[in-house]
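Colleague: Got a structure for you, written out below as structure tokens; questions coming shortly.
Numbering (my numbering), first residue to last: 808 to 1129.
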């Protein structure tokens, strides 16, 4: 099949996938985008089954969601047993995809597209319940979504946030252990969920998990002043003031005008927290630190207070965005 035919056969899935990730309306399978390869393809491998004289050869067929990137390389992700894209992604040359994979437009239309719509609806329902504070209904919807795709980032974040908001740290920790291993959880498209999850880990006094979470992001992403600022806050909660100062300085190296980091560092130095520790009896109010939209930026204040013995670093006086 010519490349143009392959494009026509498989354009819609990426639009579908984008909507699936963002909770938006699903496009129709006939849509096309930018004349790039998007869609479902299959590959075949030969396997031997049995032993001795009973050995026979079988052909195993694997389906993939394929997306051509801007550099011409194609990113593929396997379709799981429940007919949705799931698991690790890898990249193949466009020429290899055309030569070694076969387009599967009917499988997309009849099987994958409906399954992805159903999964997306479960996640959207869970998110709506969580926004309303209906945590048990949200838990039910997210769990049903994870039965379809255990590695779905939105569903895992949703369930983890539900547990954190209910104060169920042990259950939340199980979700954390799963999320921290998923590279996709740290991609920019999930930045708002990333932010909320980091905030709630800290609010539930899960400081070690928060630091592991942010450290994982640090290894996967380019240096980010807001990531460093959030790590400083978590270190401060653990009374590791020296490390907090280190990461505040890192944040200011990247952005000398970072208001929240500047104020926090000035307060620590003014009160000589590093040397005085619990002897300091004072408080410091932070206004709004702003929101850059960074994947590693906490974008709301909530009821955050920093308590180092008698010292309170209060983030909530003005309802800002530390």
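Note that the Cβ used here is the ideal one computed from N, Cα and C, for glycine as well.
Look at the alpha carbon of residue 985 and the alpha carbon of residue 1075, and state the distance between them as a whole number of angstroms.
Modeller: 35 Å
Colleague: Rounded to whole angstroms, what's the CA-CA distance from residue 979 to residue 957? Just pull it up for me.
Modeller: 15 Å
Colleague: For residue 864, which residues in the same chain have their Cβ closer than 8 Å to its Cβ, ignoring the five residues on either side in sequence?
Modeller: 853, 854, 855 and 856
Colleague: Less than 8 Å separating the beta-carbons of residue 999 and residue 1032?
Modeller: No.
Colleague: Apart from the five residues on each side of it in sequence, which residues of its chain come closer than 7 Å, Cβ to Cβ, to residue 967?
Modeller: 979, 982, 983, 986 and 1004
Colleague: Is DSSP giving residue 929 helix, strand or coil here?
Modeller: helix
Colleague: Express the C-alpha separation of residue 866 and residue 996 in angstroms, rounding to a whole number.
Modeller: 37 Å
Colleague: Among 879, 893 and 887, which residue has its Cα nearest to the Cα of residue 990?
Modeller: 893
Colleague: Pick out whichever of 876, 1016, 875 and 851 has its Cα sitting closest to the Cα of residue 868.
Modeller: 851
Colleague: Are at least three pairs of beta-carbons, each pair with one atom in the stretch 895–908 and one in the stretch 928–947, less than 8 Å apart?
Modeller: no
Colleague: How about residue 919 and residue 847: are their beta carbons less than 8 Å apart?
Modeller: The Cβ-Cβ distance between residue 919 and residue 847 falls below 8 Å.
Colleague: So what's residue 1041 in DSSP terms, helix, strand or just coil?
Modeller: helix
Colleague: Report the option in 844, 886, 1067 and 1059 whose CA atom is closest to the CA atom of residue 959.
Modeller: 886
Colleague: Could you give the distance in angstroms between the alpha-carbon of residue 1034 and the alpha-carbon of residue 859?
Modeller: 58 Å
Colleague: Just mark residue 943 as buried or exposed, buried being the case when its beta carbon has 16 or more other beta carbons within 10 Å.
Modeller: exposed
Colleague: Can you check whether the CB of residue 881 is closer than 8 Å to the CB of residue 896?
Modeller: no
Colleague: Our contact map puts residue 1027 next to residue 993 with C-beta atoms below 8 Å; I'd like the distance itself, whole angstroms only.
Modeller: 5 Å
Colleague: Look up residue 804 in the DSSP assignment and say whether it is helix, strand or coil.
Modeller: In the structure as shown, the chain starts at 808 and stops at 1129, and residue 804 therefore has no counterpart that could be examined.
Colleague: Mind checking whether residue 1018 and residue 971 have CB atoms under 8 Å apart?
Modeller: no
Colleague: So, residue 974 versus residue 1011, is the Cβ gap smaller than 8 Å?
Modeller: yes
Colleague: For residue 975, does the three-state DSSP call read helix, strand or coil?
Modeller: coil
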